[in-house]
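**Student:** After the structure tokens below, expect a handful of questions from me.
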Amino acid sequence: MDSVLLVLKHDKAAVISLIILAVVILLALIAPFLPMDPNATDVINRLKSPSISYFFGTDEVGRDYFARVIYGGRVSLLVGFLAMLTSLTIGVAVGTISGFCGGIIDTVLMRIVDILHSIPWMILVTVVSIFLKPGIQSIILVIGLFTWMEIARLVRAETLSLKEREFVLYAKFSGVSVFHIILRHIIPSVFPTIIVSATTSMADAIMTESSLSFLGVGIQQPMSSWGSLLQDAQGTMQNNFFMALIPGLLIIITIFGFNKLGNLLRVYVEPKVMNDEKE
Amino acid sequence: MAKYILKRILTAIPMVLFITILCFTLMHFAPYDAIDAMTNPRMSQETINLIKAKYGFDQPLFIQYIRWLDGLMNGNYGYSIVTKQSIAADLSVRIPNTIKLVLPAYFTAYSLAVVLGLLAGSRKNRATDKLIDGFSSVGIAVPSFWFSMLLIFVFGYKLKLLPFVGMNSVGMESSVVDFLRHYIMPFATLVFTFLPANIKFVRSSTLTQYSEDYVLVQQAFGASRREIMFKHVSKNVLLPVVTRLGMALPLLVTGAIITETVFGWPGVGPYFIKAIQGLDYPIVMIILVLSATLVIIGNLLSDILYCLIDPRIREMG
Amino acid sequence: MEENNKNHAVLSARNVHTTFHTHGRSVQAVRGVSFHVEHKEILAVVGESGSGKSVLMKSIMGLMPDNAEVVADETRFQEQELSIMTPEQLRKIRGKEIAMVFQDPMTALNPLRTIGYHLVEVLKRHRKMNGKEAQKEAIEVLKQVGISSPEKRLMQYPHEFSGGMRQRALIAMALCCKPKLLIADEPTTALDVTIQAQILELLKKIQEENGMSVVLITHDLGVVASLSHRICVMYGGLIMEEGLTDEIFYAPKHPYTKALLRAIPRPQSGSRERLESIPGMAPSLASPPPGCPFAERCKFARETCNEGIPQYRVYSDTQRAMCIFSDEELSAMEKEVQ
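Residue numbers (the UniProt record's numbering), protein chains in the order written: chain A, 1 to 279; chain B, 1 to 317; chain C, 1 to 338.
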């Protein structure tokens, strides 16, 4: 813990981004309880500049842009979170099974990883998205289904070394089932790696979702995410650059924040990352 | 070594084949296919069967796959469902446009990344390093489309300096100056997109090299900072840097999808996105096969480069 | 003894302190060490890992990372004071006047440069030779360290050398400029036992041939017995005992030295005498004990041992030990225990 605090003391950018990230997540969580509506149109107050009543102004049909940004964040973070969970689940399952069972299972699973890895994510995700009904579920599924390969490789590598440790060998010889060993012994031991990957995975998922939504193959109307807000803003950017600025900045801070969080967790789970002097 | 390279090539072939099977199956099970595009509900079943027979869709799936694969090998990529145009003809215009944009941008970004990464790595935790590493940490978090919007707003709308749609202005197709004016912003966006991750890569390779024992040994033998940097570390860093170049090969086709779409650059990007939106499967699948194949070839190239440069592998096998 | 020896000392250091500062914490690796190296002698610095022996030598040579702070009253090499030199002046001495050989020959050479390149660079740098002369000289030096067909070996990469051969190549690199002082930092630890003896013999041979002084850093008191003239025993960042090799082996005064000697396997004695390991662990140098660092593991330790770092007791012109008890007192205590 000390080492994490020490890193924080030296990294002001991390502190600031983590605070903003916490505020954004909090606002996204409590948004339904706040007195605002992202879809209420108000023709009189169109394209207003930011003010006390409209923090971020209003859009071309008079919708409160602050509310739209917060609700957009809800969608972006939700997609990111669920996609991350999906991808972690698959990655951990494939990684542990592949590493623990070895042999033909390992070969086959790792070949699949290689093949999926060899297709650029953009292509893969967009291709599959046309087979599923458009909507938030398919975005989550599609991102989750095609971003687990890196995690699987990491987890497999760690499982391989864990497999030879006494407590696992002991469990194996006492006839505990493979499923139980993986669940009780392997997964708890690779947990630090999983947690660190989770933050990177979350950041990547949010970036993927916003790119897809920006290209019009992601989140569809009437729902909106930061990416689709940016797509909308592209049209009116000339006069309302503010509306293009805000969601972009939020994406940057969120991704930056999650990456920093990942670094901190890495320091926390393996403090030797920092203490690199010998003797 | 020749044996190793041969082995790598032999393992790459089944992977490419597998990807073509994957694509073909996906295409086959798609909810809408080439036949639907060529027929309409008023046609009699007989006519439809005739059309099917003409394009070979009445054959067993396996034969269809072989024919499709055969077509791929001979440069017959099939036809767009929507526009009925030859995909091969379309791509032969589109891919060069993309390469024109991606290749110079990637080389610029990569060379910059090597310089900045080495600089940052050799000055670990000093101001220079913090600045460069900070830039790449933030840069990684910036969506490329947002960066291009920023450029368009500043240089397109506010300063009215640069055009931001397409590759040429109407009627000025042969003007180099006009082309370059269109070129600047997409190029800048791509450089900015490729830069941060590559800096991080070079920096971390540099840090790894500096932590090696041989650096301390060189110091103990009186080598100056400069000598250690230029005679040892940079050479060793260049090894992974050069081999990584192979992996950039698929970018020549798919490296600028978002940027091209934002700037309306007539490359693969908008073509692909339009195909996705119009459920134009043949195009989507061809691009899928193409990019996956390029990834596999790129990795192969990377391995071969590695064998050629690294003396530890060069003499083996 | 001090004054008289220092006059012909190659290297003498007084009160060296080295402290690492990492994120607001500090670790005192060397805590006030004085020693000297005489002309044409082999001085062994013996200690467990973490005793500060390697840090001590690197500190004197200015090879410490930025987060290490080195303070000393004096670090004199021949007639020059090292601590007041600019990094540039110090660099000119390193590899030329003082050379160093490291523990792990597998990683000490750049894998992407040939053995020849390593040697030629040193010759060009310090002896201002041109490529051709350097090439010729490199072959000579390789011959000197017992590498056969040096012309061919020169063109090879480190991975084509075995561990022992690489260590020879590194020693050749160190010999390039005929240094006055060679520091060998655990030169045989990473090697096979059979190769170890060869390398040690080689060190002895080149020391005699070139008339250099050698500082041999090792954790293994056994390897230095037949080689060194004098021994410094280090523990917890301090020199516990210093003396001629015979004094250390046949008349050790410090309980730590005695414990170390009992931990050496002695095949010739052929006895059933059991090897003794020293119980406990080396002290943490992040929060070192206020008194004798060995007190915690010492069977003679008393309350007073923890009251400040003990003064040296001088036993002869060449031998001193850092223990509050004299040799007689310790012997008496030992008898009491039995």
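Glycine included, every Cβ here is placed at the ideal spot set by N, Cα and C. These numbers were taken from a predicted model, which means no experiment stands behind them.
Going along chain B in order, which residues have a C-beta closer than 8 Å to the C-beta of residue 216 of chain A?
**Tutor:** Going along chain B in sequence order, the residues near residue 216 of chain A (Cβ under 8 Å) are 273, 277.
**Student:** Give the DSSP-derived three-state secondary structure of residue 277 of chain A in the structure shown.
**Tutor:** Residue placement at residue 277 of chain A is flagged as unreliable, the pLDDT there being 31, under the threshold of 50; a coordinate-derived value is accordingly withheld.
**Student:** Residues in the region 132-143 of chain B with C-beta within 8 Å of chain A's C-beta atoms, listed in sequence order?
**Tutor:** Result list: 134, 137, 138, 140, 141, 142, 143.
**Student:** Looking at residue 62 of chain A and residue 49 of chain A, is the spacing between their C-beta atoms short of 8 Å?
**Tutor:** For residue 49 of chain A and residue 62 of chain A, no; Cβs fall outside 8 Å.
**Student:** Checking 8 Å against the spacing of the C-beta atoms, do residue 258 of chain B and residue 196 of chain B come in under that value?
**Tutor:** Result no, Cβ atoms of residue 258 of chain B and residue 196 of chain B do not sit closer than 8 Å.
**Student:** Here's a check: name, in chain order, each residue in its chain whose Cβ is nearer than 7 Å to the Cβ of residue 125 of chain A, leaving out the five neighbours to either side.
**Tutor:** So the qualifying residues of the chain are 142, 143, 146, 208, 212.
**Student:** Which residue marks the beginning of the beta strand (DSSP E) containing residue 137 of chain A, and which one marks its end?
**Tutor:** Segment 136-145 is the alpha helix (DSSP H) holding residue 137 of chain A; no beta strand (DSSP E) there.
**Student:** Taking contact to mean 3 or more Cβ pairs, one atom from each stretch, closer than 8 Å, check whether the region 214-228 of chain C and the region 36-48 of chain C are in contact.
**Tutor:** Counting Cβ pairs under 8 Å, three or more are found: they touch.
**Student:** So, at 6 Å on beta carbons, what are the nonlocal neighbours of residue 149 of chain A in its own chain, with the 5 sequence-adjacent residues on each side left out?
**Tutor:** Closer than 6 Å at Cβ, skipping near neighbours: 113, 116, 117.
**Student:** Residues in the region 105-127 of chain C with C-beta within 9 Å of chain B's C-beta atoms, listed in sequence order?
**Tutor:** The residues in question are 106, 107, 108, 109, 110, 111, 112, 113, 114, 117, 118, 121, 122, 125, 126.
**Student:** Against residue 241 of chain A, what residues of chain B qualify as contacts under a CB-to-CB distance less than 7 Å, listed in chain order?
**Tutor:** Those within 7 Å of residue 241 of chain A in chain B are 153.
**Student:** Please tell me whether residue 16 of chain C and residue 49 of chain C are closer than 8 Å, where the distance is taken between their beta carbons.
**Tutor:** Cβ atoms of residue 16 of chain C and residue 49 of chain C: not closer than 8 Å.
**Student:** What are the start and end residues of the beta strand (DSSP E) that includes residue 20 of chain C?
**Tutor:** Here the beta strand (DSSP E) through residue 20 of chain C covers 9-22.
**Student:** What's the C-alpha gap between residue 75 of chain A and residue 125 of chain B?
**Tutor:** Roughly 38 Å separates the two Cα atoms.
**Student:** What are the boundary residues of the beta strand (DSSP E) that residue 41 of chain C is part of?
**Tutor:** Neither: residue 41 of chain C is in no beta strand (DSSP E) and is coded neither H nor E.
**Student:** Is there a Cβ from chain C that is less than 8 Å from the Cβ of residue 212 of chain B?
**Tutor:** Yes, because at least one Cβ of chain C sits closer than 8 Å to the Cβ of residue 212 of chain B.
**Student:** Closer than 8 Å, CB to CB, is residue 25 of chain C near chain B or not?
**Tutor:** Not an interface residue.
**Student:** Would you say residue 64 of chain C faces chain B, with C-beta separation under 8 Å as the test?
**Tutor:** With 8 Å as the cut-off, residue 64 of chain C does not count as an interface residue toward chain B.
**Student:** DSSP state of residue 79 of chain B, grouped into three classes?
**Tutor:** Three-state DSSP puts residue 79 of chain B in a strand.
**Student:** With 16 as the cutoff for other CB atoms within 10 Å, does residue 324 of chain B come out buried or exposed?
**Tutor:** The shown model of chain B, from 1 to 317, leaves out residue 324 of chain B, and the question about it has no answer.
**Student:** Give, in chain order, every residue of the region 102-130 of chain A whose Cβ lies closer than 9 Å to some Cβ of chain B.
**Tutor:** Cβ contacts with chain B come from 111, 114, 115, 117, 118, 119, 120, 122, 123, 124, 126, 127, 128, 129, 130.
**Student:** Could you give the residue range of the alpha helix (DSSP H) that holds residue 242 of chain A?
**Tutor:** Unbroken alpha helix (DSSP H) run through residue 242 of chain A: 241-269.
**Student:** Determine the closest residue to residue 103 of chain A out of A:4, A:160, A:131, with distance taken between C-alpha atoms.
**Tutor:** Looking at the Cα atoms, A:160 is the closest of the given residues.
**Student:** Might you give, ordered along the chain, the residues of its own chain that have their beta carbon closer than 7 Å to the beta carbon of residue 85 of chain B, omitting 5 neighbours on each side?
**Tutor:** 79.
**Student:** Note down the Cα distance separating residue 15 of chain A from residue 4 of chain A, rounded to an integer number of angstroms.
**Tutor:** Looking at the two C-alpha atoms, the distance is approximately 11 Å.
**Student:** Pick out the complete beta strand (DSSP E) segments inside the region 130-208 of chain C, 3 residues or longer, and give them in chain order.
**Tutor:** Here the runs fully enclosed are 181-185.
**Student:** Give me whichever residues DSSP pairs with residue 244 of chain C in a beta bridge.
**Tutor:** Its beta-bridge partners are C:230.
**Student:** Can you tell me whether residue 167 of chain A is buried or exposed? The criterion is at least 16 other CB atoms within 10 Å of its CB, across all chains shown.
**Tutor:** When all chains shown are included, residue 167 of chain A counts as exposed.
**Student:** What does residue 173 of chain C touch in chain B if you count any residue whose Cβ is under 9 Å from its own?
**Tutor:** Near residue 173 of chain C (Cβ distances below 9 Å), the residues of chain B are 217, 221.
**Student:** Given a cut-off of 8 Å, decide if residue 194 of chain C and residue 155 of chain C are closer than it, judged by their beta-carbon atoms.
**Tutor:** Taking 8 Å as the Cβ cut-off, residue 155 of chain C and residue 194 of chain C do not qualify as a contacting pair.
**Student:** Where residue 305 of chain B and residue 83 of chain B are concerned, what is the direct C-alpha to C-alpha distance, given to the nearest angstrom?
**Tutor:** So the two alpha carbons sit approximately 41 Å from each other.
**Student:** Residue 170 of chain C and residue 311 of chain B: beta carbons closer than 8 Å?
**Tutor:** Their beta carbons are not under 8 Å apart, which means residue 170 of chain C does not touch residue 311 of chain B by this criterion.
**Student:** Within a Cβ cutoff of 6 Å, which residues of the same chain sit near residue 244 of chain C, ignoring the five residues on either side of it in sequence?
**Tutor:** The answer, listed in chain order, is 230, 318.
**Student:** Any contact between the region 116-134 of chain C and the region 160-175 of chain C? By contact I mean 3 or more CB pairs, one from each, below 8 Å.
**Tutor:** Touching, yes, given that three or more Cβ pairs across the two stretches are closer than 8 Å.
**Student:** So, under 8 Å CB-CB, residue 151 of chain B and residue 185 of chain B are touching, yes? Tell me the CB distance rounded to an integer number of Å.
**Tutor:** Residue 151 of chain B to residue 185 of chain B, Cβ: 5 Å. Contact.
**Student:** Can you tell me which residues form a DSSP beta bridge with residue 94 of chain C?
**Tutor:** BP columns for residue 94 of chain C point to C:98.
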